[in-house]
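**Student:**
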Amino acid sequence: MRVSDKDRPLRGGAVQSLENPDPVERLVLIDATGVARPVGEVAASELSARAGAAMSLMASPPDVLVMHRAEGPAAVLAGEIHSTSRLHDVCSMVAQARWRGELVVCDAQARRSLFLNDGQVVGAHSTAEPERLGAVLSHYGVMSRAEVEEAAQLSGGRMRFGDAAVKLGYVTRETLYRFLVKQTELIVYATVSVQRGSFVFFDDFQDEVLALPLSMSLAELMMEGVRRMDEMEFFRHRIPSTDCILERGEGRPPSQEGLRQTVWAAIDGRRSVDEIAAATGHDLFEVMREVYELTKTDSVVVRQPSEGGHEGVVRIFNDALQMIMAEVDKYPGASRDIRDSLASFAASGVVYDPIFRGAGPRPDGTLDPAKVAENMANVVEPGTGEGALAEWLYEYASFAMFIAEPVLRAGSRSDAAEVSSQVSALLAPLAPRL
0 MRVSDKDRPL
10 RGGAVQSLEN
20 PDPVERLVLI
30 DATGVARPVG
40 EVAASELSAR
50 AGAAMSLMAS
60 PPDVLVMHRA
70 EGPAAVLAGE
80 IHSTSRLHDV
90 CSMVAQARWR
100 GELVVCDAQA
110 RRSLFLNDGQ
120 VVGAHSTAEP
130 ERLGAVLSHY
140 GVMSRAEVEE
150 AAQLSGGRMR
160 FGDAAVKLGY
170 VTRETLYRFL
180 VKQTELIVYA
190 TVSVQRGSFV
200 FFDDFQDEVL
210 ALPLSMSLAE
220 LMMEGVRRMD
230 EMEFFRHRIP
240 STDCILERGE
250 GRPPSQEGLR
260 QTVWAAIDGR
270 RSVDEIAAAT
280 GHDLFEVMRE
290 VYELTKTDSV
300 VVRQPSEGGH
310 EGVVRIFNDA
320 LQMIMAEVDK
330 YPGASRDIRD
340 SLASFAASGV
350 VYDPIFRGAG
360 PRPDGTLDPA
370 KVAENMANVV
380 EPGTGEGALA
390 EWLYEYASFA
400 MFIAEPVLRA
410 GSRSDAAEVS
420 SQVSALLAPL
430 APRL
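Per numbering that gives the first Met the number 0, residue 0 is the first one in the sequence shown, and the count goes up by one each step.
1. Which two residues bound the contiguous beta strand (DSSP E) that contains PRO405?
2. Using the three-state DSSP reduction, which class does GLY308 fall into: helix, strand or coil?
3. Is ALA74 helix, strand or coil when you go by DSSP?
4. So for HIS236, helix, strand or coil by DSSP?
5. If we count Cβ pairs, one from each stretch, closer than 8 Å, do we get three or more for the region 172-189 versus the region 108-128?
6. What does DSSP give as the partner residue(s) for GLY100 in the beta ladder?
7. Give, in chain order, every unbroken run of the alpha helix (DSSP H) that is at least 4 residues long and sits entirely within the region 134-170.
8. Report yes if the C-beta distance between PRO368 and VAL422 is below 7 Å; otherwise report no.
9. Is ASN377 buried or exposed, if buried means 16 or more other CB atoms sit within 10 Å of its CB?
10. Tell me which same chain residues have a C-beta within less than 6 Å of the C-beta of MET66, skipping the five on either side of it?
11. Which residues mark the beginning and the end of the beta strand (DSSP E) in which ILE29 is found?
12. Which residues in the same chain as ALA427 place their Cβ atom closer than 7 Å to its Cβ, once the five residues preceding and following it in sequence are excluded?
13. Using a threshold of 6 Å, is the CB atom of SER423 nearer than that to any non-hydrogen atom of the ligand GDP?
14. Ends of the alpha helix (DSSP H) at ILE275?
15. In the DSSP output, which residue or residues are listed as bridge partners for GLU246?
16. Between the C-alpha atoms of LEU388 and HIS309, what's the straight-line distance to the nearest angstrom?
17. In angstroms with no decimal places, state the Cα-to-Cα distance between VAL290 and VAL262.
18. Counting beta carbon pairs with one atom in the region 192-205 and one in the region 94-107, are three or more of them shorter than 8 Å?
19. Checking 7 Å against the spacing of the C-beta atoms, do VAL301 and CYS243 come in under that value?
20. Report the residue ranges of all beta strand (DSSP E) runs contained in full by the region 184-226; include only those spanning at least 3 residues, in chain order.
21. Taking the beta carbon of THR435 as the centre, do at least 16 other beta carbons fall within 10 Å, making it buried, or is it exposed?
22. How would you write the range of the alpha helix (DSSP H) that SER44 sits in, first residue to last?
23. Of the choices VAL121, GLU246 and ARG356, whose alpha-carbon is the least far from that of LEU113?
24. Exposed or buried, what is ARG235 when buried is set at 16 or more other beta-carbons lying within 10 Å of its beta-carbon?
25. When you compare only the Cα positions, how much space is there between GLY39 and ASP62?
26. For MET57, does the three-state DSSP call read helix, strand or coil?
27. Suppose the cutoff is 6 Å on Cβ atoms and the five residues either side in sequence are ignored; what does the same chain contact list for GLY250 look like?
28. Give the range of the beta strand (DSSP E) segment to which PRO129 is assigned.
29. Looking at the structure shown, is GLY12 part of a helix, part of a strand, or coil, going by DSSP?
30. Leaving out five residues before and five after CYS402 in sequence, what residues of the same chain have Cβ atoms less than 6 Å from its Cβ?
31. If you draw a straight line from the alpha carbon of VAL23 to that of ARG144, how long is it in whole angstroms?
32. If I'm right that PRO331 touches SER82 with Cβ under 8 Å, what's the distance once you round it to whole angstroms?
33. On the DSSP letters alone, give me the boundaries of the beta strand (DSSP E) that PRO22 sits inside.
34. Would you list the residues sitting across from ALA123 in a DSSP beta bridge?
35. Look at the Cβ atom of LYS176, then the Cβ atom of GLU146, and state whether they are nearer than 7 Å.
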């Protein structure tokens, strides 16, 4: 019997393995006696996390080996995700077939589970912090952070977080149900937007893993998730990152009451898009849509965050690389070649290996800011080297755009020009000063 998310650790092994792009770190060698020996640290961590588990081998072709817990439900579907469209195909098939089971999707950031029955989503779990129930209730202003912490301490593995919040009197059962629905929607939207990762569909689940009985159409949630994903990509032409700072512009403020006026009133020249969404207690997608409309009338000006230090440099770089690789991943045939070219470029320069070590690049092209900052301490004197790092990352990102541009032009010349313009704007703070 497979344990539920309520009892099992929240850090999934697949999440760890995707964070480290080095293939050697995930390598396992099978000797002549059939004993599997991990070569890399990630592989060792993955196997040790399953110490003592009895695993059943599934019939597999020579180049693939699939196992699952012998006492658990069967994994009837499993595979890698290289584009959102492939994951959408899997979800559509499961919905149309009306299968009952648990769809687990892992990427470099989180592990998410959708519990499905008869084409309906009856529950969802996520290890992503913004998608946890306490974070959702806090974001929408239902509970304060202190109240969330108190409820988490009370639950402590003995009861569900929602039950603890109700027991403490911070929410009613009706409010809890409403925000469990909202949480489930957010998890589904995040799940269908995964571009690189892995998935497994188990053919059953225990009803006790469900906090409350829900029944939400998977097909309808998928359609809404895809719509949001497409619109968010469109919004990013004017709002490259949710870390961007918003200032009031010269245009007129919104004349009618509603969310747009609420968002505009919260803009103070210091808050980011993320912070305004939290301050107003509204969905980030809805806030992005209103900010986008306000930029069209010059009522709002979008500024890059003015972060200093090595970590600030890396975050600016990350916004640019994430945009480039998101566009490149629309062309699966070319995305691997571009990643290989970037790896060769980094290997050819003496500076990249010491500053990238253990920091990435991740599957979306980004680096771990804290790890890069730690590595820089071994490359330059403490408190120095910010300009050098900016120059090195600017050169790397510019090369990424250079090799991506022909691929994007083959798809749409106007899209390529737009992406190039957006990337240039993002990288402007890192550009060498003449």
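Where a beta carbon is used, it is the ideal one built from N, C-alpha and C, also for glycine.
These numbers come from a predicted model, not from an experiment.
**Tutor:** In short:
1. Locating residue 405 in the sequence shown gives position 406, counting from the first residue. For PRO405, there is no enclosing beta strand (DSSP E); the residue is found in the alpha helix (DSSP H) stretching over 385-410.
2. Locating residue 308 in the sequence shown gives position 309, where the first residue counts as 1. Reduced to three states, the DSSP call for GLY308 is helix.
3. The residue labelled residue 74 in the question sits at position 75 within the sequence shown. Three-state result, ALA74: strand.
4. As a working mapping, residue 236 is identified with position 237 in the sequence shown. Coil.
5. yes
6. Counting from 1 along the sequence shown, the entry for residue 100 is found at position 101. Looking at the DSSP assignment, GLY100 forms a beta bridge with LEU115.
7. 144-154 and 160-166
8. For the purposes of this step, residue 368 is taken as residue 369 along the sequence shown, with counting starting at 1. For the purposes of this step, residue 422 is taken as residue 423 along the sequence shown, with counting starting at 1. No, they are not a contact pair.
9. Here the question's residue 377 lines up with position 378 in the sequence shown. By the 10 Å Cβ count, ASN377 comes out exposed.
10. Mapped onto the sequence shown, residue 66 falls at position 67. Same-chain partners within the cutoff: MET54 and LEU56.
11. Locating residue 29 in the sequence shown gives position 30, where the first residue counts as 1. From DSSP, the beta strand (DSSP E) with ILE29 extends over 27-29.
12. Counting from one through the sequence shown, the residue named residue 427 turns up at place 428. Once the five neighbours on either side are set aside, ALA427 has no close Cβ partner at all.
13. The ligand GDP is not among the ligands present in this structure, which contains no ligands whatsoever.
14. In the sequence shown, the residue the question calls residue 275 occupies position 276. Counting along the chain, the alpha helix (DSSP H) containing ILE275 begins and ends at 272-279.
15. Numbered from 1 along the sequence shown, position 247 holds the residue referred to as residue 246. Paired residues: VAL300.
16. Along the sequence shown, read from residue 1 onward, the residue named residue 388 stands at position 389. Along the sequence shown, read from residue 1 onward, the residue named residue 309 stands at position 310. LEU388 and HIS309: Cα-Cα distance of roughly 7 Å.
17. Stepping through the sequence shown from its first residue, residue 290 is reached at position 291. Stepping through the sequence shown from its first residue, residue 262 is reached at position 263. When rounded, the distance between both Cα atoms is 7 Å.
18. By the Cβ criterion, the region 94-107 is in contact with the region 192-205, since at least three pairs of Cβ atoms, one from each stretch, lie closer than 8 Å.
19. In the sequence shown, counting from the first residue as 1, residue 301 sits at position 302. In the sequence shown, counting from the first residue as 1, residue 243 sits at position 244. The answer is yes: Cβ separation under 7 Å.
20. 196-201
21. Nothing about residue 435 can be reported from this structure: the residues present for the chain run from 0 to 433 only.
22. Start at 1 with the first residue of the sequence shown, and residue 44 comes out as number 45. Boundaries of the alpha helix (DSSP H) harbouring SER44: 40-47, taken from the DSSP string.
23. Indexing the sequence shown from 1 puts residue 113 at position 114. Considering only alpha carbons, the answer is VAL121.
24. Your numbering for residue 235 matches position 236 in the sequence shown. Result: buried.
25. Along the sequence shown, one-based indexing puts residue 39 at 40. Along the sequence shown, one-based indexing puts residue 62 at 63. Using only the alpha carbons, I get a separation of about 19 Å.
26. Position 58 of the sequence shown, counted from the first residue, corresponds to residue 57. Coil, per DSSP.
27. Working through the sequence shown from its first residue, we reach residue 250 at position 251. Excluding sequence neighbours, GLY250 sits near THR296, ASP297 and SER298.
28. Taking the first residue of the sequence shown as position 1, residue 129 is located at position 130. No beta strand (DSSP E) holds PRO129; DSSP gives it neither H nor E.
29. Sequence index remark: in the sequence shown, residue 12 carries index 13 (1-based). Confidence at GLY12 is low in this model, with a pLDDT of 43, below 50, so its placement is unreliable and the value that follows should be read with caution. DSSP places GLY12 in helix when its eight states are reduced to three.
30. The sequence position of residue 402 within the sequence shown is 403, counting from 1. Going by the sequence as given, residue 402 is Ile instead of Cys. Result list for ILE402: ILE337 and SER340, in chain order.
31. Along the sequence shown, one-based indexing puts residue 23 at 24. Along the sequence shown, one-based indexing puts residue 144 at 145. Cα-Cα distance, rounded: 41 Å.
32. Within the sequence shown, residue 331 is the residue found at index 332, counting from 1. Within the sequence shown, residue 82 is the residue found at index 83, counting from 1. PRO331 to SER82, Cβ: 5 Å. Contact.
33. On the sequence shown, position 23 is the one that residue 22 refers to. PRO22 -> no beta strand (DSSP E), and no H or E assigned at all.
34. Your numbering for residue 123 matches position 124 in the sequence shown. According to DSSP, ALA123 bridges with LEU113.
35. Residue mapping note: residue 176 aligns to position 177 of the sequence shown, counting from 1. Residue mapping note: residue 146 aligns to position 147 of the sequence shown, counting from 1. Residue identity differs from the one stated: residue 176 is Tyr in this sequence, not Lys. No; because the gap between Cβ atoms is not below 7 Å, this pair is not in contact.
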